[in-house]
Amino acid sequence: MDIDGKQQKFLNSSFDKKIYEGGSFISKYLNHHEIKKLDLTKGEIEKYFVQIIRMVDEDELCSNSGDQCYFTDGIHFKIARDKQGKLIFISVPCAKMNVIRNWIYKPFDNELSQIRMNEKYIKNKDFNINKKEIKDTIMKQLKNDKLESFYISSIEYKNLSVFLLAFANEITIRNKLVSMIDANELYKIRKDAEKCPQTLNLLKESDVLFITNLKLVDDFNFFEEQIKELIKYFIDTNKVIIFSSDYKLNELQRIFSNKFKYRNESEVKSFFSLITSITKKIEFVYL
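Here the sequence shown stands for residues 20 to 306, where the numbers follow my numbering.
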């Protein structure tokens, strides 16, 4: 990394002068969130300050480069600690590369991969207590790497879609394979003998599958076959499915029961019991 005249003059000064007279320059580097996690000693800061500058500057360049990594190889220089606590230098893939690469099946162009669960996109001022609790719950799952299947509904379906997309992108950053498909899209190809099984097999490659916009359709066989096949597969492989809908789960079941009275009532009940079994009765209402 090239060091400009201002940086070089700063590096050539005494260590104590850097710390006590460095002002905003020293603050920029030592207060960086990744550097603070390392809990560096004074000696480590003095010894590895050039590497600290490189790591922070690379991160800043990439943060300002939109949805694509600033570096053509998608690799960042990082400082870390090994198991013995010794500082080491490593090369890691850019998180932005993970977002694109870890999407198996996605409903959007790459530019939407930058949406995150942060203040820029999901503003806390727009969140009531209900929404904040939902956000805190699922982000805690993500932080602890203990994602669970759940069902979420909202009459504000557009806002819910943005919320779920941000959540899905957060999952991909953590090296999970993710797919998101609108149930209506899957419904349209249900009778395509080639495309339907190909799509189902692709969705099964995911660690986390979002089935969005779950609602009433004219053909219940779609739920009995395609959707049930996915749910059973994700149960058997201990993977995660997240369902979303305009309707609460009990409302959707009631609508289905009224629509498909000609079917054996137990079939409808069995389908919704399957959703309940994989979500373990975790249901959020996004109000």
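Every residue gets a Cβ at the ideal spot worked out from N, C-alpha and C, and that includes glycine.
Keep in mind it's a predicted model, so treat the numbers as computed, not measured.
Assigned exposure category for residue i - 16 Cβ within 10 Å defines buried
i      : result
Leu222 : buried
Phe108 : exposed
Leu184 : buried
Thr11  : Limits of the chain in this structure are 20 at one end and 306 at the other, which puts residue 11 out of reach.
His52  : exposed
Val111 : exposed
Ser289 : exposed
Ser264 : buried
Ser46  : exposed
Lys102 : exposed
Thr218 : buried
Thr298 : buried
Lys165 : exposed
Lys125 : buried
Lys154 : buried
Ser225 : buried
Lys300 : exposed
CB of residue i within 7 Å of CB of residue j, strictly
i      : j      : result
Leu268 : Glu302 : yes
Phe169 : Ile261 : yes
Leu235 : Ile294 : no
Arg193 : Gln245 : no
Val259 : Val304 : no
Val69  : Tyr48  : no
Phe229 : Arg282 : no
Phe291 : Gln272 : yes
Any chain C beta carbon closer than 7 Å to residue i
i      : result
Met136 : The question asks about chain C, but that chain is absent: this structure has only one protein chain.
Residues near residue i by beta carbon distance below 6 Å, same chain, minus five either side
i      : result
Leu306 : Asn149
Lys25  : Residue placement at Lys25 is flagged as unreliable, the pLDDT there being 44, under the threshold of 50; the coordinate-derived value follows with that caveat. None.
Lys66  : none
Contacting residues, own chain, Cβ-Cβ under 8 Å from residue i (five flanking each side not counted)
i      : result
Ile134 : Tyr140, Val181, Leu184, Ala185, Asn188
Lys251 : Leu293
Beta-carbon proximity list for residue i, same chain, < 7 Å, skipping 5 on both sides
i      : result
Glu284 : Ser276
Glu77  : His95, Phe96
Glu63  : Leu106
>> Counting beta carbon pairs with one atom in the stretch 205 to 224 and one in the stretch 164 to 176, are three or more of them shorter than 8 Å?
In response: no
> Mind pulling the beta strand (DSSP E) runs of 3 or more residues that sit fully within the stretch 176 to 253?
Replying inline: 197 to 201, 227 to 231
> Would you say the stretch 145 to 157 touches the stretch 192 to 203, given that touching needs at least three Cβ pairs under 8 Å?
Replying inline: no
>> I want to know whether the stretch 54 to 62 touches the stretch 78 to 90 - three or more CB-CB distances under 8 Å.
In response: no
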